[in-house]
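Trainee: Numbering (our numbering), first residue to last: 2 to 117.
For glycine and all other residues, C-beta sits at the position ideal for the given N, C-alpha and C.
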């Protein structure tokens, strides 16, 4: 795999697995590219919420808007430039607020393989 640069326009967004709201994921690197991680962008519409038990380690960088992540240890809220780490096996609720939120994410291993 070569050194590459990506922007949000490189992502092809799909509804997040098991969700019916306005929560979308767009991988730019995943198992099809031969690397050990998945890298992509997330898009959350206003006032969206997803509940999930994480099948992978997930790092989310908030690029626009604000997201809150609630787990058994409490709630963290992140805005532009802030990073949230969510460990594999953790039960989380990710919630957007009044405006759309855009994230970049890295997962290990690949989240799509973990959902199969």
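Report the partner residues of residue 58 according to the DSSP bridge assignment.
Mentor: For this step, residue 58 is matched to residue 57 along the chain shown. Beta-bridge pairing links residue 58 to 109.
Trainee: Compute the distance between the beta-carbons of residue 51 and residue 40, then report whether it is under 9 Å.
Mentor: Taking the chain shown and counting its residues from 1, the one referred to as residue 51 is at position 50. Taking the chain shown and counting its residues from 1, the one referred to as residue 40 is at position 39. No, Cβ-Cβ distance for residue 51 and residue 40 is not below 9 Å.
Trainee: Assuming residue 72 and residue 93 make a contact with CB atoms under 8 Å, what is their CB distance in whole Å?
Mentor: Numbered from its first residue, the chain shown carries residue 72 at position 71. Numbered from its first residue, the chain shown carries residue 93 at position 92. Their Cβ separation, rounded to whole angstroms, is 5 Å, which keeps residue 72 and residue 93 in contact under 8 Å.
Trainee: Relative to the C-alpha of residue 27, which candidate in 63, 34, 74 and 43 has its C-alpha closest?
Mentor: The sequence position of residue 27 within the chain shown is 26, counting from 1. Among 63, 34, 74 and 43, the Cα nearest to that of residue 27 belongs to 43.
Trainee: Please state whether the Cβ-Cβ distance between residue 90 and residue 64 is less than 9 Å.
Mentor: Taking the chain shown and counting its residues from 1, one reaches residue 90 at position 89. Taking the chain shown and counting its residues from 1, one reaches residue 64 at position 63. No; because the gap between Cβ atoms is not below 9 Å, this pair is not in contact.
Trainee: Please determine, among 20, 33, 47 and 80, the residue with the shortest C-alpha to C-alpha distance to residue 62.
Mentor: For the purposes of this step, residue 62 is identified with residue 61 of the chain shown, where counting begins at 1. Looking at the Cα atoms, 80 is the closest of the given residues.
Trainee: Run through the DSSP bridge pairs and tell me what residue 41 is partnered with.
Mentor: For this step, residue 41 is matched to residue 40 along the chain shown. Note: residue 41 sits in a beta bridge opposite 28 and 106.
Trainee: Leaving aside the five residues before and after residue 108 along the sequence, list all residues of the same chain whose C-beta is less than 6 Å from its C-beta, in chain order.
Mentor: On the chain shown, residue 108 is found 107 positions in, with the first residue counted as 1. Contacts found: 39, 57 and 59.
Trainee: Check residue 74 in the structure and name its three-state DSSP category.
Mentor: Looking up residue 74 in the chain shown gives position 73. It is coil, neither helix nor strand.
Trainee: Check residue 94 in the structure and name its three-state DSSP category.
Mentor: Your numbering for residue 94 matches position 93 in the chain shown. The answer is strand: DSSP assigns residue 94 an E or B state.
Trainee: Over the uninterrupted beta strand (DSSP E) stretch that includes residue 2, give me the two end residues.
Mentor: For the purposes of this step, residue 2 is identified with residue 1 of the chain shown, where counting begins at 1. Per DSSP, residue 2 belongs to no beta strand (DSSP E) and is neither H nor E.
Trainee: Would you mind stating whether residue 23 and residue 45 have Cβ atoms separated by less than 9 Å?
Mentor: By one-based count along the chain shown, residue 23 stands at place 22. By one-based count along the chain shown, residue 45 stands at place 44. A contact, by the Cβ cut-off of 9 Å.
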